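Sequence lines, in order, name chains S and E.
Taking our numbering, the leading residue of the first sequence gets 1, the next gets one more, and so forth.
Taking our numbering, the leading residue of the second sequence gets 421, the next gets one more, and so forth.
Structure, as structure tokens:
2 protein chains.
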Amino acid sequence: MKEITAEIITIGDEILYGQIVDTNSQWMSGELSDAGIKTIRKTTVGDVPEDILQSFSEAEGRADIILITGGLGPTKDDLTKPLLAEYFNSPLIINEEALAEVKDFFERRGRELTALNKMQAELPEVCTKITNRMGTAPGMWFEKDGKVFVSMPGVPIEMKTIMLEEVIPKLHLVFNTPVIYHKMIKTIGIGESFLSEIIETWEDNLPENIKLAYLPSAGQVKLRLTAKGDVLSKLIEAVDQQIEKLKPLAGKYIYGYDKTYLPSAIGQLLRENGLTISTAESCTGGFLAHQITSVPGSSDYFQGSILSYADEVKRSELNVSKQSLTEHGAVSEIVAVQMAENVRKRLGTSIGLSTTGIAGPDGGSEEKPVGTVWIGYSDENGSFARKSQLTTDRLLNIQLTANIALNILRVEMLKIIALE
Amino acid sequence: MKEITAEIITIGDEILYGQIVDTNSQWMSGELSDAGIKTIRKTTVGDVPEDILQSFSEAEGRADIILITGGLGPTKDDLTKPLLAEYFNSPLIINEEALAEVKDFFERRGRELTALNKMQAELPEVCTKITNRMGTAPGMWFEKDGKVFVSMPGVPIEMKTIMLEEVIPKLHLVFNTPVIYHKMIKTIGIGESFLSEIIETWEDNLPENIKLAYLPSAGQVKLRLTAKGDVLSKLIEAVDQQIEKLKPLAGKYIYGYDKTYLPSAIGQLLRENGLTISTAESCTGGFLAHQITSVPGSSDYFQGSILSYADEVKRSELNVSKQSLTEHGAVSEIVAVQMAENVRKRLGTSIGLSTTGIAGPDGGSEEKPVGTVWIGYSDENGSFARKSQLTTDRLLNIQLTANIALNILRVEMLKIIALE
């Protein structure tokens, strides 16, 4: 089957100069992908007529579908419409239906139609008008030699409504699109290169129609499987089979699939097993608790945290022994263990989790360089602490420490659950 | 003066297919703009060799500087490096300096170098290696017929470090860029539209070569002045003059300039005045402490925090009275005051700051809807709490609450300092 391809063109100085992030094109390519259409390129150009026209003709040479956003507002710096008229050699004329819609839009809001807004109903004669329920600038649909050009406003809610209600259904009618199925496998506790080594044979034996991609971020690696075919149910089945084959190799690193968020996955494990948690944080400075409490409903299992930045607070609020602090220092196994154990007892939770380390950029020594971190864990079966040697970047160290702590929690919870 | 132009090429299926947002290119074009370089196009292509090579030659035909990110990791789907070798017709050879850096990176983490990682030190012979302090894939710098190609990893922290420390300074040396001077004025405690009203006349009277932009974010508004000319010292002087005129109008909302980060500005005030602080958090769940401790050296003034998510913890660890909790609820003025006062006394700090509220999305009532937040403040002169009615979005509420709390702290500290 011939692959249907798309190029997304985003128009506007504000995106080129970095004043706003282009989230539109990300959303659009996701929707296209779900519709079996492959985005082959994204292009952003500024409010410069020659650059815009050049991007149209380049895209026409590459893709079947050209989706254009931006440059349709009522102000002078909006150029897309006159340039499309020029590109398709078609005069701008008042589209009566579009005019009625713009009028209606203003009437419903009790506002008066300005001359500028009236101009928004002028469209190139050859195009088909696309209704914009959420705004005043209509979308435009052009067909030329088997290719489709669609122009939409850049306002996200307007673009999204037009895409979902008008453009995607029309593209399905015009093109004979294949079925594509994506599955994201989320792992933690293993680096990209180590993961790729242990799953190498599995990767090499993936069927022709299933592709794998690695998406690493701080302390985590996502594996994306993309399957292509004719029947969705068969693709889902084929991908599930591959995941079952992957599990014996890397199952212990997998914490979830698709949009699963690590703190949510952990929250679910806590809630389902009637477990509660408290934290005792030093180097993470509240970030670990923030991760846990970023999940709605986390008050079901999270009781609180003692944030002991100063050693006095470690002693007074967490009963860390003076001897341990003097002999081993605040960044040590024994202090991490005492923090985890004592916060658990003090706040009466099933599990206590602690962090103590040197986040940096200062405070390191030869023996304990910046990035030295101890993470403590405690439940009724026992307590322990684990050391990590991280980076020299303060914020990255804070994030990595929280991620490693959450993964220790995840792994230990699975042990508790297995025992029950 | 000839305008220096740049094109940004982003490589990777994960961006084309919409699985991640391309925030890199937004950040890059902002930095380029600050350096007087105009971004004229952004292009995203997938992991397809022909498309990548085509994007190189197209960009070379348009821009002076071609910045490439992505496709430099250790796994098989990373294509950029071999394609650059092909494009510049230069063999890949082991770069001994790069190899030493990769080895060192792994040694510091106590991990073994894999064959895949070793391959990361292979670079096209004609390129200049760019050190990547934050990761294992080096950047690459190519020069050809007066044009510069730079290839960087796609991991944001790696790309940003390379851009700021290596690429921007080198571009300044190679190209003769116009003089542009930016000054960012950072305000808190006033909304965009109110601010624009009180400074309207000032704005209308700005000189021709100084432009103003409003950049609002959660609870803050940044004013960016951009001056363009020939002599830097004159631009600085002209901008400073305008800021002096602005101060009588909006001075009390200004907490800093340029890269000043609110928690850093507050940290400096605390340190300079020998003040210490502790927090008692409920609805912010650790985010307020995380903001404070994200600043290097914050252990000088931050002692710790009691994170009392559960009411039992508010009682046991913060001595909030049972009567207050029963009669007024956890989200109330009296509880916020008790939290701030008691954490200050308990941890022995000059100032105590507290948050209690309904972050959402659930837990609201008619009397106390989602977004109801009380922020408490306490120092030796007294204690109080202030109410805010925020949004229905959990994460935004957490951020806004922390920002408002930090601003209350800032304003109160200025009062303490004025008294001394």
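Cβ atoms here follow ideal geometry from the backbone N, Cα and C, with glycine treated the same way.
Since the model is a prediction, treat every value here as computed from it, not as a measurement.
The alpha carbon of Pro636(E) has as its nearest neighbour, out of Thr430(E), Leu820(E), Glu506(E), Glu451(E), the alpha carbon of Leu820(E). When the Cα atoms are used, Ser308(S) and Ala405(S) turn out to be separated by approximately 17 Å. Interface flag for Gln439(E) against chain S is set, since a Cβ pair is found closer than 8 Å. Comparing C-alpha distances from Gly768(E) to each of Phe722(E), Glu521(E), Thr459(E), Thr680(E) shows the shortest one belongs to Phe722(E). Residue range 382-389 is occupied by the beta strand (DSSP E) that includes Arg386(S).
In the three-state reduction of the DSSP assignment, Glu423(E) falls in the coil class, being assigned neither a helical nor a strand state. At a beta-carbon threshold of 9 Å, the residues of chain S lying near Asp782(E) are Pro296, Gly297, ordered along the chain. In this structure Lys129(S) touches Glu97(S) by the C-beta definition: roughly 6 Å separates them, less than 8 Å. Cβ atoms of Ala63(S) and Pro124(S) stay farther apart than 8 Å, at about 20 Å. Boundaries around Lys415(S) are those of the alpha helix (DSSP H), 394-419, since no beta strand (DSSP E) includes it. Three or more Cβ pairs closer than 8 Å define a contact, and the region 786-804 of chain E falls short of that threshold against the region 315-327 of chain S. Against chain S, the CB of Lys462(E) has a partner CB under 8 Å away; the residue lies at that interface. When DSSP reads this structure, Tyr673(E) sits in no beta bridge, so it has no partner. Residues of chain S with a Cβ closer than 7 Å to the Cβ of Gln723(E) are, in chain order, Tyr309, Ala310, Val313. As for any beta strand (DSSP E) of minimum length 3 sitting wholly inside the region 73-109 of chain S, the runs are 92-94, ordered along the chain. At a Cβ-Cβ threshold of 8 Å, Thr696(E) and Thr775(E) do not count as neighbours.
In this structure, the straight-line span from the alpha carbon of Lys170(S) to that of Leu72(S) is close to 21 Å.
Each residue's CA atom was taken as its position, placing Asp799(E) and Ile754(E) some 16 Å apart. In this structure, Val599(E) sits away from Gly724(E), with a CB-CB distance that is not shorter than 8 Å. DSSP lists Val45(S), Glu427(E) as the bridge partner or partners of Arg461(E). In terms of Cβ geometry, Arg344(S) and Asp300(S) do not form a close pair [threshold 8 Å].
If you draw a straight line from the Cα of Thr459(E) to the Cα of Val651(E), it is about 23 Å long. Met119(S) counts as exposed, since fewer than 16 other beta carbons sit within 10 angstroms of its beta carbon. Secondary structure at Phe194(S): helix, using DSSP grouped into helix, strand and coil.
Using a C-beta cut-off of 8 Å, the region 197-208 of chain S makes no contact with the region 254-261 of chain S, since fewer than three inter-stretch Cβ pairs fall below that distance. In the structure shown, Met604(E) falls within a strand segment according to DSSP collapsed to helix, strand and coil.
For Leu487(E), the beta-bridge partners assigned by DSSP are Ile428(E), Val570(E).
For the beta strand (DSSP E) assignment, the uninterrupted runs of no fewer than 3 residues enclosed by the region 233-308 of chain S are, from N- to C-terminal side, 254-257, 277-281, 302-308. Within a 10 Å sphere around the beta-carbon of Pro263(S) sit 16 or more other beta-carbons, which makes this residue buried.
In the three-state DSSP reduction, Lys549(E) falls in the strand class (E or B).
From the beta-carbon of Thr425(E), no residue of chain S is found nearer than 9 Å; the closest lies around 11 Å away. Residue pairing of Arg224(S) in beta bridges, as defined by DSSP: Met184(S), Ala213(S). The residues Ile130, Asn132, Gly139, Met152, in chain order, have a CB closer than 7 Å to that of Ile162(S) in the same chain once the five nearest residues on each side in sequence are set aside. Boundaries around Leu773(E) are those of the beta strand (DSSP E), 771-777, since no alpha helix (DSSP H) includes it. Note: Pro544(E) is bridge-paired with Leu512(E) in the DSSP secondary-structure output.
No Cβ of chain E is located within less than 8 Å of the beta carbon of Ile157(S).
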